[in-house]
Each structure stands twice: as structure tokens, then as C-alpha cells.
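Going down the list, the protein sequences come from chains D and A. The numbering used here numbers the first residue of the first sequence as 12 and each following residue consecutively. The numbering used here numbers the first residue of the second sequence as 16 and each following residue consecutively. Using N, Cα and C, we set each Cβ at its ideal position, and we do this for glycine too.
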Amino acid sequence: MREWGRSLAQTMHAPEWVGQVTLMVIGAVAVFLIMALAALAFVWLERKVAGRIQSRYGPNRAGKFGILQTLADAVKLLLKEDIIPAAADKSLFILAPYIVFVATFAAFVVIPWSSKLYVSDLDVGLLYIAAMGSFVVVGILMAGWASNNKWSLLGAMRGAAQIVSYEIPVALAILTVVVLAGTLNLRMIQEGQSGWFWKWYVFQSPFTFIAFFLYFVGSIAEANRTPFDLPEAEQELTAGFHTEYSGMRWAFFFLAEYGNLLLVSLVAAVLFLGGWNVGIPGVPIPGALVLVAKAVVLVLLQMWLRWTLPRLRVDQVMAVCWKYLMPLAFGTLIGAGAWKMLFPGTA
Amino acid sequence: MSEVRTEEMVLNMGPQHPSTHGVFRVELVTDGEIVTETRPHIGYLHRCFEKHAEHLQYTGIIPFTDRLDYLSGMNQNFGFVLAVEKLLGSEIPERAEYIRVIMAELNRIASHLMMIGHMGTDAGAITPVLYGFRDREYILDLFEEVSGARLLYNYYRVGGVIADLTPGFVEKTRKYLDYLERVLNEFDQLLSENKIFRGRTVGVGVLPPKVAVDYAVTGPNLRACGVNWDLRRDEPYSIYPRFKFDVVVGREGPGVVGDSWNRYWVRVQEIRESAKIVRQALDGLPEGDFIKAPKSIRPPKGSEVYHRTETPRGELGYYVISDGTPTPVRVKVRSPGFVHISAIPAFCTNMMVADLVMAMGTLDFVMGEVDR
């Protein structure tokens, strides 16, 4: 990317930093577009999937198959009155959705779409993604506190407790892959899985297989989706931490939620399912397409879960994390290390 | 260092809250997420039914009874006309008796389907409620055929029912009952056997039998506590003694007697029992008149009656006093939901907010009959 920046600056007869900044802006806009479009598409997809599961049609009025429904809703949200409760902490209230949104958005930067197409090739990419994931907590707490609504506060407390707890098994599951790959760089991790599909890390050892499961469960919890959607448990807390939000501010939470959905699926695909690798050598499919297809399958799986399962209770969610996932995650990490020592050739 | 001061938080749940099922408000005193005290408040849906009744003729009151419990209008009609018929001592044609039972039991199925679906929603699974609505829809179609209305039927009359069954009604109902059998199995897979759902309901909101009896809790909520009491069997009215059905009682099993799980399970089983009754009634349906209207509805002066029936929600009693005119002096309704709500503070303490939602949801009250 630095090279591109230099050459761009040369063709424009400008100092090098101009080229770099231009590229950065292009990259940021591209990532934003990907995220926004993905969110639009997923909202539509989710409503269709939900409709089919519930023996309804789902949206079918705006555009063919209701494909423009989300767009219409977005316009509606933009035009809506922006309400800030009188008793709210105004500055925090305004800031919170942006923090949640920016954290999710920023994490997308390090996703390598194919061996050549990426915005930033960060050496500590995985660490960066995990850090951005924790950053969301700040925004959620802020939103719950600033709303000055007891339901929002309860939702925010739940959200914070849940995300912080589930980060640990998720991080341990990620570490299991890092042990095999020997790098935190997302691009290198994918390159380590090229070739036949049994080279994918999920099939590399029984421990990585469990780690994949752990990561998937943990990431659902981190993305606050059913059966772990406690922070916004509608039946208990009306809408949880974003009860008081409306219009575009609410839409930012929504956008971040669907962005997050794609993000965790992308990371799962990169870490465990070979990323851009097709799995059969010599099949010419663009890497970005393969990666997105894998992520979409995982997204669909999460949607299926969401529209089928009831929600756990707060204490049950915590019990699942600390009593089952955590020991299992430690076990897998140690197991993966031992596996690597015993069979050094496999990965 | 001084101790951190903590205090309990008073939360106001409702009247506009997704899981209070209507305009019900309950004040919660919470310690973190633990509810230590509940104070129910009612009166947001008061429509002066009892006062209205004092100014209307008997037949004119029937459509108002629909609006008491709008999920089981047929049962509400049924109770009222039975009370008036008891005052008059009138005879009812055989066919009308059968039609009445068929409608009442179909409505019980529809009402319980709603309750089961909403249990799913309360637990966070949004899909079951739509299945519930879908399957109730077929019953509403049947009701629409015979009564012209889908929710507020105004179908029962003193002396019979307003219209005869339409051609093909019997076959359609049979077909629906076959379909219902399959659907109930689906519900079992989706909810009854779901581990998360059981985790959310088993042992949650246990209503001890003694407390239930003390508070005069009735209907499926009482039976879930292990008390074997069903007016259709123990104080038979209409032609219920002719039908064979089991009274479902809460049991130890996956759940504890009296918990949310049993309140849910009793209703699932009651759908099956009601389907049994409807089948028997369809088989025995005689030909003949569907109404034998009395010349005038003027119960003797000073006569009064209390008549109670088993509705999907419990014991519904009508207390009617007549002064010999076509208008009653007083109509008092004993609604099951009102009693159930008053029992909430007695057993909904020291539980999580999420559990409270499940415990209240399983009581299955409809605010229309609570506030009247």
C-alpha cells in the first residue's frame, strides 16, 4: 500500500504524503461502503429468512422481492425527528452511537479480502480486532448510562458484563489458531491454509475444531444476538441500552450490529475456514468472493439460530461462559500446543 | 474508607411494556436484577362494563361480554347466557347445546395457542407466536363462517345461538383438528423440549398450591399447582358430562409442580383435551333447531343468580340480579385474570426480572377482563 501511495503521488506530481492520505481516504470510504452495503443487504436477508422461518413472506413491496425495503427504511430513519431525552447526559448520549459504530467499522480495516486486496496489512491484526471488539463495550455502557433510563442502564450493565466475559473464550479460541499459524497477521493466516480444504485450520486438529465451535458461540454472544441478546432483551428491558434512541442515532447502533455480524463471520472464515482459499487447488474463483461466500453462510447460520431459539437468562449466560466455555477454551489451547509439539508437520 | 452506599431501585414496568400483555403496570423494587417486591396496578383498560350492563337489555349485554376477554369471546358469551337462562329456567335445543360446546372448546384451543406462542416470545423466541397466530387463524375462519366476526363474535343467545352451522363446517373442523395434532408436535419440538426454554421455565415462579387456593386462583393456573379442579367436570354445566376428557394437572417431571413450565404444559395438554371434546361433539351433533328464543327475557322480580363457567383463563362468574324488567339491576363479573394478578405479589419475589416476565406471562391474563 505504501508503494501504491508513492506511485500515486508520483503520477500526481505531489509530495508522497498526499498520495498516502488519498489512498487512506479511498480505503476508508471503501470499507465504509462495504460495511454499509453489507448491513443493508443483511437486514433485508434477515427479514426474508425470518419471514420464511415464520411462514410469512417477509418484505415484498418495495422493489422486486422487497429488496429496496431497507433503503426505504434508512430514508425514513434519516428523516425522523432526533429525540434526546431531557434528562439525558447530552454529550455522552450523542457520542455513544459513534463509538459503537466506529469500533466496528475500524475493525474491518484489517480484513484481507484476497492476497492482494486489503486496506491495511497489520502484523497484529487479530489483536487489533479483539481490541476493537472490546471498545464497543464503552459505547454500550455510555449509551445506557447517558439515556438516564433504568431499563437502558440494566441493558448496558448486562451488555458490558457479557461482552467482557465472552471475550476471554473468544480470545483463547483465536489463540489456538495463532499457535498453529505462528502469526497474528490475518493475511499470513490465510496463506497458511492454501491448498486442499483439509489444510484449513478447522480440520487441522481436533482442538481447532472445538476452537471453531467456541469462537462461533462466543462471537454470537459478543455480537449480542439470540440466544445471547440480553442487552436488548425486548421482553424484559423494552429495547435495552438503545431504548431512548431514535432516528439516525438508533440506525448507527443497528448498522454496527449488522456490521459486527459480518465481521465475526469474516474472522471465523479467515481463521478457521481457509479465508479466500477455495479449498480445491486450481479452481479460479476470486478470493474475495470465496471469503464473502463463507462469511454469508455463517451469517445465515446465525440468523437461523436467532429465529429459532429462546433467550438465556443473565445468570445462565454467565454460567455458560465461565463454567463451560472457559475451561474448554483453556483445554483446547493447551491441547493445540501439545498437538503442535507432537505432530510438528501438520501446520 | 466509608462503605459504598447501595439502595434498591424502583422500576416501573408498564403500562406500555412489551411483556405486560396489555396495559398492565407493575412496580418492581429491584436489587440489581433481582426483584424483591412487586406491586401490580390496574385500571388502564376500564370500560365500565358492569355499569353499562345496568342500562342494557339482556341480549344487548352479550356483545359487551365479548370485550371482557377478547381472546375467548365465545366462552364469555357462554357464561353470560347460561346465567340468564338459569334465571329464566329456559330449555335449550339439543343442537344448540352441542354447537355451544364446540364453539367454546374451539375458542379455548385458540386462546391457549396464543398463550403458548406468547410464552415463546416472553422467552425471547419470536417465531412460536407467529405459528400460534397462524394456527389460530383457521379457528377464526371457522368462527367467521358461523358468526360473521373474527374476534368479537356475539354468537350466543339466550335460548341457543344466533345462527346454525354452515354447510361443511363439521368437515372443516375435523380436518383442522387433524392438522392441529401435527402442529402441536411441532410446538413440542420447538419449545417444550427445548433446553433453553426449559432452563427458563422449570422451577421459575413456583406458585404453591396453598397460596393458589388462598388467592382463589383458578383454571389452568390452579391445575398447574397440582390441584385437580375443573368446573366442566366438578360442577358440570351445559352438556359437558356427556363427553370424556381428562383434567390435566401439573406434575413433577421436567418441571416442579406449580412452576411456569407446568402452567405452560397444562395448556398444551388442554388443547389436546379440548380437541377430544370437539371431536366427540361433532360426532354426536344432532339435527334440529339451533335456538328456542324465549318470548321475552324478563326474569322474575327479585331473582338473582351466580353462575360460573370454566373459560380458558379460569373461573368466570356472572352474578345477575333482576327486578322483573328487561334490564338487569346489577351484573357483577368475577374474572379470573383479576384474581391471578392479585396473586402476583404473593409468589413473584426474589427472582430475576427475566423470571418475573416468564412467571407473569404464564398466568395468561387479559387486561380486558381484569379491568372490565
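According to DSSP, simplified to helix, strand and coil, what is residue i?
i	result
residue 46 (chain A)	strand
residue 331 (chain A)	strand
residue 288 (chain D)	coil
residue 180 (chain A)	coil
residue 29 (chain A)	coil
residue 295 (chain D)	coil
residue 272 (chain A)	coil
residue 321 (chain A)	strand
residue 379 (chain A)	coil
residue 171 (chain A)	strand
residue 196 (chain A)	helix
residue 315 (chain A)	coil
residue 355 (chain D)	coil
residue 217 (chain A)	coil
residue 205 (chain D)	coil
residue 263 (chain A)	coil
residue 55 (chain A)	strand
residue 125 (chain D)	coil
residue 292 (chain A)	helix
residue 407 (chain A)	As displayed, chain A neither begins before 16 nor continues past 387, which places residue 407 (chain A) out of reach and without an answer.
residue 158 (chain D)	coil
residue 62 (chain A)	coil
residue 102 (chain D)	helix
residue 135 (chain D)	coil
residue 94 (chain D)	coil
residue 336 (chain A)	strand
residue 326 (chain A)	strand
Should residue i be labelled buried (16 or more other beta-carbon atoms within 10 Å of its own) or exposed?
i	result
residue 377 (chain A)	buried
residue 216 (chain D)	buried
residue 358 (chain D)	Low confidence applies to residue 358 (chain D): its pLDDT is 48, below 50, so where it sits in the model is not reliable enough to give any reading.
residue 84 (chain A)	buried
residue 200 (chain A)	exposed
residue 316 (chain A)	exposed
residue 350 (chain D)	buried
residue 102 (chain D)	exposed
residue 233 (chain D)	buried
residue 211 (chain D)	buried
residue 133 (chain A)	buried
residue 310 (chain A)	exposed
Identify the contact partners of residue i in chain A, using a Cβ-Cβ distance below 9 Å as the criterion.
i	result
residue 161 (chain D)	24, 25, 26, 27 and 45
residue 236 (chain D)	None at all; the shortest Cβ gap to chain A is about 11 Å.
residue 60 (chain D)	Correct list: empty, because the minimum Cβ distance to chain A is about 11 Å.
residue 360 (chain D)	In the structure as shown, chain D starts at 12 and stops at 358, and residue 360 (chain D) therefore has no counterpart that could be examined.
Over what stretch of residues does the beta strand (DSSP E) that includes residue i continue unbroken?
i	result
residue 133 (chain A)	That residue, residue 133 (chain A), is in no beta strand (DSSP E); its alpha helix (DSSP H) goes 109-138.
residue 256 (chain D)	Run containing residue 256 (chain D): none; DSSP gives neither H nor E here.
residue 232 (chain A)	Where residue 232 (chain A) is concerned, there is no enclosing beta strand (DSSP E), given that its DSSP letter is neither H nor E.
residue 307 (chain A)	Looking at the DSSP string, residue 307 (chain A) is not in any beta strand (DSSP E), and its letter there is neither H nor E.
residue 347 (chain A)	343-349
Looking at the secondary structure, which residues open and close the alpha helix (DSSP H) in which residue i lies?
i	result
residue 257 (chain A)	Careful: residue 257 (chain A) lies outside any alpha helix (DSSP H) and carries neither H nor E.
residue 63 (chain D)	27-64
residue 153 (chain A)	142-162
residue 96 (chain A)	88-103
residue 217 (chain D)	217-233
residue 358 (chain A)	Run containing residue 358 (chain A): none; DSSP gives neither H nor E here.
residue 75 (chain A)	73-81
residue 246 (chain A)	246-249
Please list, in chain order, the chain D residues whose beta carbon lies closer than 9 Å to that of residue i.
i	result
residue 367 (chain A)	247, 324, 325 and 326
residue 370 (chain A)	324
Name the chain A residues that come within less than 8 Å of residue i, Cβ to Cβ?
i	result
residue 319 (chain D)	140, 142 and 205
residue 312 (chain D)	Simply none; closest approach about 16 Å.
residue 240 (chain D)	139
Please confirm whether any heavy atom of the ligand GTP lies closer than 6 Å to the CB of residue i.
i	result
residue 344 (chain D)	Although the ligand GTP was asked about, the structure shown includes no ligands whatsoever.
Which residues of chain A have a Cβ atom closer than 7 Å to the Cβ of residue i, listed in chain order?
i	result
residue 64 (chain D)	142
residue 198 (chain D)	Residues of chain A passing the Cβ test: none, with the nearest at roughly 38 Å.
Residues of chain D with CB under 8 Å from residue i, in chain order?
i	result
residue 214 (chain A)	323, 324 and 327
residue 135 (chain A)	321
residue 209 (chain A)	320 and 321
Given that residue i touches chain D, what residues does it touch there, using C-beta distances under 7 Å?
i	result
residue 149 (chain A)	66
Is it the case that the region 272-291 of chain D contacts the region 112-127 of chain D, given that we only count it when at least three CB pairs across the two stretches are under 8 Å? yes
With three or more C-beta pairs closer than 8 Å as the rule, is the region 146-160 of chain D touching the region 191-204 of chain D? no
The region 269-277 of chain A in contact with the region 202-219 of chain A per 3-pair CB rule at 8 Å: yes
Measuring CB atoms only, is the region 266-275 of chain D touching the region 107-116 of chain D, in the sense that at least three cross pairs come out at less than 8 Å? yes
Decide yes or no for the touch test of the region 363-381 of chain A against the region 44-54 of chain A: beta carbon pairs closer than 8 Å, at least 3 of them. yes
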